[in-house]
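First to last, the sequence lines map onto chains A, B, C and D.
Every position in the first sequence, counted from 1, becomes a number in my numbering once 1 is added.
Every position in the second sequence, counted from 1, becomes a number in my numbering once 1 is added.
Every position in the third sequence, counted from 1, becomes a number in my numbering once 1 is added.
Every position in the fourth sequence, counted from 1, becomes a number in my numbering once 1 is added.
Think of the CB as a built atom: it goes at the ideal place given N, C-alpha and C, for glycine as much as any other residue.
Encoded as structure tokens, the structure appears first; notes follow it.
Protein chains: 4
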Amino acid sequence: MKYKTGEETKMKIIDSAFQLLADKGYDAMSIEDIMKGAGKTKGSFYVHFKTKEELLYEVIESRLDRDFGHIVEEIFKELSVDTCNVQIVLKRLMHLVHTGTGGADRELWTATYYQMVVLSKKIPFVREWMLKQYHAWVDFMSKILTRGQDLGQIRTDIDVRVMVNMLISLLEGYELRSMVDLDVEVYEQIKLIELFSTNQP
Amino acid sequence: MKYKTGEETKMKIIDSAFQLLADKGYDAMSIEDIMKGAGKTKGSFYVHFKTKEELLYEVIESRLDRDFGHIVEEIFKELSVDTCNVQIVLKRLMHLVHTGTGGADRELWTATYYQMVVLSKKIPFVREWMLKQYHAWVDFMSKILTRGQDLGQIRTDIDVRVMVNMLISLLEGYELRSMVDLDVEVYEQIKLIELFSTNQP
Amino acid sequence: MKYKTGEETKMKIIDSAFQLLADKGYDAMSIEDIMKGAGKTKGSFYVHFKTKEELLYEVIESRLDRDFGHIVEEIFKELSVDTCNVQIVLKRLMHLVHTGTGGADRELWTATYYQMVVLSKKIPFVREWMLKQYHAWVDFMSKILTRGQDLGQIRTDIDVRVMVNMLISLLEGYELRSMVDLDVEVYEQIKLIELFSTNQP
Amino acid sequence: MKYKTGEETKMKIIDSAFQLLADKGYDAMSIEDIMKGAGKTKGSFYVHFKTKEELLYEVIESRLDRDFGHIVEEIFKELSVDTCNVQIVLKRLMHLVHTGTGGADRELWTATYYQMVVLSKKIPFVREWMLKQYHAWVDFMSKILTRGQDLGQIRTDIDVRVMVNMLISLLEGYELRSMVDLDVEVYEQIKLIELFSTNQP
DNA sequence: CATGAATGAGCTTTCATTCAT
DNA sequence: TATGAATGAAAGCTCATTCAT
Chain A
2 MKYKTGEETK
12 MKIIDSAFQL
22 LADKGYDAMS
32 IEDIMKGAGK
42 TKGSFYVHFK
52 TKEELLYEVI
62 ESRLDRDFGH
72 IVEEIFKELS
82 VDTCNVQIVL
92 KRLMHLVHTG
102 TGGADRELWT
112 ATYYQMVVLS
122 KKIPFVREWM
132 LKQYHAWVDF
142 MSKILTRGQD
152 LGQIRTDIDV
162 RVMVNMLISL
172 LEGYELRSMV
182 DLDVEVYEQI
192 KLIELFSTNQ
202 P
Chain B
2 MKYKTGEETK
12 MKIIDSAFQL
22 LADKGYDAMS
32 IEDIMKGAGK
42 TKGSFYVHFK
52 TKEELLYEVI
62 ESRLDRDFGH
72 IVEEIFKELS
82 VDTCNVQIVL
92 KRLMHLVHTG
102 TGGADRELWT
112 ATYYQMVVLS
122 KKIPFVREWM
132 LKQYHAWVDF
142 MSKILTRGQD
152 LGQIRTDIDV
162 RVMVNMLISL
172 LEGYELRSMV
182 DLDVEVYEQI
192 KLIELFSTNQ
202 P
Chain C
2 MKYKTGEETK
12 MKIIDSAFQL
22 LADKGYDAMS
32 IEDIMKGAGK
42 TKGSFYVHFK
52 TKEELLYEVI
62 ESRLDRDFGH
72 IVEEIFKELS
82 VDTCNVQIVL
92 KRLMHLVHTG
102 TGGADRELWT
112 ATYYQMVVLS
122 KKIPFVREWM
132 LKQYHAWVDF
142 MSKILTRGQD
152 LGQIRTDIDV
162 RVMVNMLISL
172 LEGYELRSMV
182 DLDVEVYEQI
192 KLIELFSTNQ
202 P
Chain D
2 MKYKTGEETK
12 MKIIDSAFQL
22 LADKGYDAMS
32 IEDIMKGAGK
42 TKGSFYVHFK
52 TKEELLYEVI
62 ESRLDRDFGH
72 IVEEIFKELS
82 VDTCNVQIVL
92 KRLMHLVHTG
102 TGGADRELWT
112 ATYYQMVVLS
122 KKIPFVREWM
132 LKQYHAWVDF
142 MSKILTRGQD
152 LGQIRTDIDV
162 RVMVNMLISL
172 LEGYELRSMV
182 DLDVEVYEQI
192 KLIELFSTNQ
202 P
């Protein structure tokens, strides 16, 4: 079939762009590359997107946002149980981040993420999205830690905001490093969770 | 003056490139941009460098390597004193990283650093430099923490390697975040140092 | 009309390149020149060819190879007639070479040919094409002379291979010289054919 | 010694240029290449020559002209002997052309020669030199053949001018071919000399 | 005489984007 | 919707030439 529904092709383009964004970066991926990956030709790109930047915007919206949403949802479900162990929930969260939700493309996700950090200097809406994202993470993890304190499982002598920032930075720091150094052991971070817990081993 | 010594112009080019690398990234900075920043014309770039990549190499060598060397030197001096307080030394280290040595261009340094992470996927020698750099940091900090354990100031119930990795990742995570979110409070990380110390407040 | 079929434009580019190759040589003809000759802008060159070398390849394929094919075909037709006079066939062959088939662009053909000799030192496939071409000529002319011997019209006391090489070299030598000296009388070569014949005048 | 006499350096430059001209052609050889071959740096080229074309001019004058002069001189000496055998003199001439005088750089000579044919379309004085050279060859060989006719050793039923042109073209044709096809047997040409002789074997 | 820094024009090539079909 | 020819700007790089030292 030569003529597909717009949505179907659009999705293929976004998939292809996501892949290439991670692999080569925004500047280095050409429209032609993207469309080759989508099984269509260069010209028809502009049927679906006005510009290359608009595509980036939609990649962010439909791929990156979605993944975060899934994680939040899943974790909150676990957290709502009365007998939950916050330490275990946090470990599970880390696991989710490191493996991705669908599981398929975690490596892509990480690479893309750092491409975005770099892009945030050049493209304003990327920066805005990143900020929004950070704040969402801070909110999200604050809720988890506060719930932990309420349950008496998390220390109260350190400010929640500080603990949250530390956890997020540690998470990102390990991710960043794993991009370069494949031998790094990301699960070491669990130690920090333990240090924040009241019942230390 | 139209004619300067090679070394002088070369330095100007490296300065200009360092600035632009941080601002726009490797792909987005053009030779013409760089030379405009250096006050010379495009053609004369190739009097000093064979290719754009060679320039990148020299930027890394002369700018990034040097800064790390300075920090190491300074910290080791403090550490060799018999009555040194490792917790304070570590805090001072963090301060140095966050402000830079010359102090002038810390912000550039951080931005450049993340450009390099992204570049490491594309340019092999960048990846190699990053790895070398990571290992140098791990070695360096391991020595500090081990000295701290010897002096009875650092916990011995957590593996030194794990503590080191956590500290480095935290450092990088905060740096990364500060690129996007200027409000982030990098000195919060000190808390982790305290958690690693024996005499907790 | 701004938009033509690919094949049409491609042919125009090849024509223009063929002309310029003869006039200025491979290095001296720029893509911009070529496209100006084809009535298009520089950028669209790469819609039709991947590189400048690929264009050269196609010029050779579509222009030079074809002309030789035409000559061979025509001569063999004449040769198959039982009452053919090989001496006359050879003279006709020389005429064809010197005037070209289409007749239009013999001068271009010769000039291009010598450009190719020079290029053969730099571009491997050109050298390979030249060698192939030489061998094809030797084969072709060997057949003619052998037929002449069979018909008792060509001397048998000189090796066919030697006669062939002499004829080809003479042909090329005259062509070469006519590039510089327009007064040279190429038809003098007929004398050699007579010297190879049994019925000398 | 950093400072040499002008002539010495000039000669080195001409030598280097001659080599490169044969190897890569006029356009493809850069001033920097030439001067590297001469053991000096780019800038000092212009102490000795006003432009690249002037260098070409001097290469022609001092290298190509000279070699021809040597051959003429040597052959005339042999020819002046009363008992000379013109057929043998001609064979010796061919040998000289194919091996060069100094013997060292015949291959360079041939390659350069064809570079010149190509250049003659672009640079007027090259064309003029080539024409002058052709005429000198025609004159030179006419004298040889006429002497042969006087001695009763060369046929008189073919016009001297025609025989001369054929010999020269054959010579050039074989040279040209030997540039591409190293297996070609240049001494086959001797056959033509025999065909021009009265005492055929 | 020699050096090498500097220049500017020109090269091949890439690419986001437009548009007739 | 899809195609691919066309565009023009910009990229990295080369090179003949100039000139202060």
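1. Are there 16 or more other CB atoms within 10 angstroms of the CB of Asn-166(D), so buried, or fewer, so exposed?
2. Kindly indicate if chain C contains any beta-carbon less than 8 Å away from that of Asn-18(D).
3. Determine, for Ser-1(A), whether the minimum Cβ-Cβ distance to residues of chain B falls below 8 Å.
4. Using a Cβ-Cβ distance under 8 Å, would Val-60(D) count as near chain C?
5. Touch check for the stretch 168-186 of chain B and the stretch 106-125 of chain A: three-plus C-beta pairs under 8 Å?
6. Which residues bound the alpha helix (DSSP H) around Asp-151(A)?
7. Rounding to the nearest angstrom, what Cα-Cα distance links Gly-104(C) and Leu-196(C) in this structure?
8. Helix, strand or coil, according to DSSP, for Ser-17(A) in the structure here?
9. Exposed or buried, which one is Glu-8(B) when buried takes at least 16 other CB atoms within 10 Å?
10. Starting from Arg-67(D), trace the alpha helix (DSSP H) in both directions and tell me its first and last residue.
11. Roughly how many angstroms separate the alpha carbons of Lys-144(B) and Met-164(B), rounded to a whole number?
12. Excluding the 5 residues preceding and the 5 following Gln-130(D) in the sequence, name in chain order all residues of the same chain whose CB lies nearer than 7 Å to its CB.
13. Since Tyr-135(B) meets chain A, which of its residues come closer than 8 Å, beta carbon to beta carbon?
14. Answer yes or no: do Ala-39(B) and Thr-6(B) have a C-beta to C-beta separation smaller than 8 Å?
15. Between which residues of its own chain and Ile-191(C) is the CB-CB distance below 8 Å, once the five residues before and five after are set aside?
16. To the nearest angstrom, how far is the alpha carbon of Leu-97(D) from that of Val-87(D)?
17. Using three-state DSSP, classify Ile-32(B) as helix, strand or coil.
18. List in chain order: all unbroken alpha helix (DSSP H) runs of 4+ residues lying wholly within the stretch 153-195 of chain C.
19. Any idea what DSSP makes of Ser-63(D), helix, strand or coil?
20. If you reduce the DSSP assignment to three classes, tell me which class Ser-198(D) lands in.
21. Determine which residues of the stretch 114-125 of chain D have a Cβ less than 8 Å from any Cβ of chain C, and write them out in chain order.
22. Give the straight-line distance between the Cα atoms of Ala-112(D) and Phe-69(C), rounded to the nearest whole angstrom.
23. Could you tell me the alpha carbon to alpha carbon distance between Ser-45(B) and Glu-54(B), rounded to whole angstroms?
24. Does the CB of Ala-39(D) have a neighbour CB from chain C at under 8 Å?
25. Taking 8 Å as the threshold (beta carbon to beta carbon), is Glu-54(A) in contact with chain B?
26. With a threshold of 7 Å (Cβ to nearest heavy atom), would Asp-160(D) be considered close to the ligand GDP?
27. Spatial neighbours of Gly-153(B) within its chain, please: C-beta separation below 8 Å, excluding the five flanking residues on both sides.
28. Spatial neighbours of Asp-34(B) within its chain, please: CB distance less than 7 Å, with the 5 preceding and 5 following residues excluded, ordered by chain position.
29. Quick one: what does DSSP say Tyr-4(C) is sitting in, helix, strand or coil?
30. Can you give me, in chain order, the residues of the stretch 72-104 of chain C that have a beta carbon less than 8 Å from any beta carbon in chain D?
31. Write down the C-beta distance between Phe-126(A) and Tyr-58(A) rounded to the nearest angstrom, noting that I regard them as a contact closer than 8 Å.
32. What number of angstroms, rounded off, separates the C-alpha of Asp-151(D) from the C-alpha of Asp-16(D)?
33. Could you check what DSSP says for Lys-122(D) in three-state terms: helix, strand or coil?
34. How far does the alpha helix (DSSP H) with Phe-46(B) in it extend, from its first residue to its last?
The answer reads as follows:
1. Counting every other CB atom within 10 Å of its CB across the protein chains shown gives Asn-166(D) a total of 16 or more, marking it as buried.
2. Per the sequence shown, residue 18(D) should be read as Ala rather than Asn. No, no contact with chain C.
3. This structure cannot speak to residue 1(A), because chain A is shown only from 2 to 202.
4. no
5. yes
6. 125-151
7. At Gly-104(C), the pLDDT of 49 sits below 50, so the modelled position is not reliable; the number obtained from the coordinates is stated separately. Spanning the two alpha carbons is a distance of roughly 28 Å.
8. helix
9. exposed
10. 67-81 is the extent of the alpha helix (DSSP H) around Arg-67(D).
11. If I take the Cα positions, the gap works out to 12 Å.
12. Note on identity: in this sequence residue 130(D) is Trp, with Gln being the wrong assignment. Once the five neighbours on either side are set aside, the close Cβ partners of Trp-130(D) are Ile-61.
13. Per Cβ cutoff of 8 Å: Arg-178, Val-181, Asp-182.
14. no
15. Here the set comprises Lys-92, Met-95.
16. 15 Å
17. helix
18. Counting only runs of at least 4 residues, the stretch 153-195 of chain C fully encloses the following alpha helix (DSSP H) elements, listed from N- to C-terminal order: 161-181.
19. Ser-63(D) falls in the helix class under three-state DSSP.
20. If DSSP states are grouped into helix, strand and coil, Ser-198(D) belongs with the strands.
21. Tyr-115, Gln-116, Val-118, Val-119, Ser-121, Lys-122, Lys-123
22. 25 Å
23. 16 Å
24. no
25. no
26. Looking for the ligand GDP in the displayed structure turns up nothing, as the structure carries no ligands at all.
27. Thr-199
28. Cβ contact annotation for Asp-34(B) (same chain, cutoff 7 Å, sequence separation greater than five): Leu-21, in chain order.
29. coil
30. Within the stretch 72-104 of chain C, no residue has a Cβ that lies closer than 8 Å to any Cβ of chain D.
31. 6 Å
32. 42 Å
33. DSSP places Lys-122(D) in coil when its eight states are reduced to three.
34. 46-49
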